[in-house]
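Report on the structure given below.
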Amino acid sequence: MTQPTPVLIAGPLLPSLQTAVDTHFAATHYWELADQQAWLQAHGASIKALVTSGVYGASAALLGQLPNLEAIFSFGVGYDAIAVDVARDRGIVVTNTPQVLDDCVADTAMGLILDTLRRFTEADRYVRAGKWPQARFPVAVKVGGKKLGIVGLGNIGQAIARRAAAFDMEILYHNRSPKAGVDYRYFADLDAMISACDVLVLAVPGGKATDRLIDGRRLALLGSKGFLINIARGSVVDQPALIQALQQGTIAGAGLDVFEAEPQVPESLLAMDNVVLLPHVGSGTQETRQAMGDLVWKNIEGWFYNGKRPLTPV
Ligand code: 8YV
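The opening residue of the sequence shown carries number 40 in the working numbering; numbering runs sequentially from there.
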């Protein structure tokens, strides 16, 4: 009988995925190891695959201690936390979970747009605090008719555009090149789009190419009536500059599902009423997380049981 293949699991997975990996492989739970360094020195060379997520990632340092790694299977679409350059150089395949989460992430973006402009969460706090009998809650900002500027019109960006169009928003977008088959207004120049829009939504991948793309100067272009929505990565925004812009009224408000150093959210943001803060729940529904887990498993199957043919390599 052949021995099960040794794999490393970076952190706790969706239970059904974890059970599948534990059942079919000789799986080591990295997060449960008392001495990770000692374990890597003794056993790192035996590991053929790493199962991880967009959150746990796979650092260059970790990959350096897995010299015979063949594949990295990640739960999540974003792979900015995975050292893909190192993987490419070594011929290690990396897979992610595209498309299956587009709808839920776009729903989250739309929810943040509605909540941030209409101040629903703030209004909920107002009712709970018993303030309604004393005074009416102040009026908010209408969503319909506003210009939505989408940075990154990939699958998620397009799903956001479709939803926002149904709310009668006018769609503008900035992308490396115009998208075929859409009639939204294209801006080659990001600054020009930010100056033209009322609500700026970030739907680009994280990583070096987009690091602090939205800085203090660009927030000033968004303007005192403008709103920022981020469902991409905290790294895309200069967070201290955002906090300053919110404090000084340089922009009107923000809806954030992602932060610079998750799960830490600065006190200054917690103290503000004109921000809606979510704990990175963009893809977080039972259905979508199951679909993501199923896709991770299909990639594992494709690699190990179907001639090294993963379904969704990056
Ligand atoms: C997380 C995400 O990866 O897909 C992504 O890129 O940001 C999320 O779906 C997920 O929460 C991982 O646990």
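Every residue, glycine too, gets a C-beta built ideally from N, C-alpha and C.
Where Ala271 sits in the DSSP three-state scheme: coil
Within 8 Å, strictly: CB atoms of Ala120 and Gly103: No, the Cβ-Cβ distance between Ala120 and Gly103 is not below 8 Å.
Minimum length 4: unbroken alpha helix (DSSP H) runs contained in the region 130-208: Along the region 130-208, the alpha helix (DSSP H) occurs as fully enclosed runs of 4 or more residues at 141-157, 159-167 and 194-205, listed in sequence order.
Stretch-stretch touch, CB-based, cutoff 8 Å, three pairs: the region 279-298 with the region 147-159: yes
Helix, strand or coil at Val238 according to DSSP, with G and I counted as helix: strand
Unbroken beta strand (DSSP E) run spanning Leu285, endpoints: Not the beta strand (DSSP E): Leu285 falls in the alpha helix (DSSP H), residues Gln278 to Gln286.
Cα-Cα separation between Asn194 and Ala126, rounded to whole angstroms: 25 Å
Distance CB(Ala271)-CB(Gly245) smaller than 8 Å: yes
Alpha carbon of Val335 to alpha carbon of Tyr165, nearest angstrom: Going by C-alpha positions, Val335 is about 42 Å away from Tyr165.
Rounded distance between the beta-carbons of Val304 and Thr160, thought under 8 Å: With 8 Å as the limit, Thr160 and Val304 do not qualify as a contact, their Cβ atoms being about 14 Å apart.
The region 222-236 in contact with the region 275-282 per 3-pair CB rule at 8 Å: These segments do not touch.
Inter-residue spacing [alpha-carbon to alpha-carbon] between Ala88 and Ile282: 40 Å
Bounding residues of the beta strand (DSSP E) (the contiguous stretch that carries Ala110): Annotation for Ala110: the continuous beta strand (DSSP E) segment containing it runs Ala110 to Phe114.
Short Cβ contact (8 Å threshold) for Val133 with Ser113: yes
Ser322 classed as buried or exposed, judged by whether at least 16 other C-beta atoms fall within 10 angstroms: buried
Helix, strand or coil at Tyr344 [DSSP, three-state]: helix
For Ala77, the first and last residue of its enclosing alpha helix (DSSP H): Gln75 to His82
Proximity winner among Ser234, Ala235 and Tyr212, relative to Tyr225 (alpha-carbon distances): Per the Cα distances, Tyr212.
Status (buried if at least 16 other CB within 10 Å, exposed otherwise) for Lys247: Burial call: exposed.
C-beta contact flag for Thr147 and Val297 at 8 Å: Not a contact, by the Cβ cut-off of 8 Å.
Residues sharing a beta bridge with Ala97, DSSP: Ile121
Local conformation of Gln303 per DSSP, three classes: strand
Contact belief for Asn214 with Leu241 at Cβ below 8 Å, rounded distance in angstroms: Not a contact, Cβ separation roughly 13 Å.
Sub-8 Å separation of Gln197 and Val221 beta-carbons: yes
For His68, the residue or residues it bridges with in DSSP: Ile48
Contact test: His213 Cβ vs the ligand 8YV heavy atom, cutoff 7 Å: no
CB contact flag (Cys143, Gly188, <8 Å): no
Simplified DSSP state of Ala88, which is helix, strand or coil: strand
Pick from Asn313, His63, Ala84 and Leu56 that is closest to Tyr344, judged by C-alpha positions: His63
Option nearest Ala122 by Cα separation, candidates Asp141, Thr91 and Ala81: Thr91
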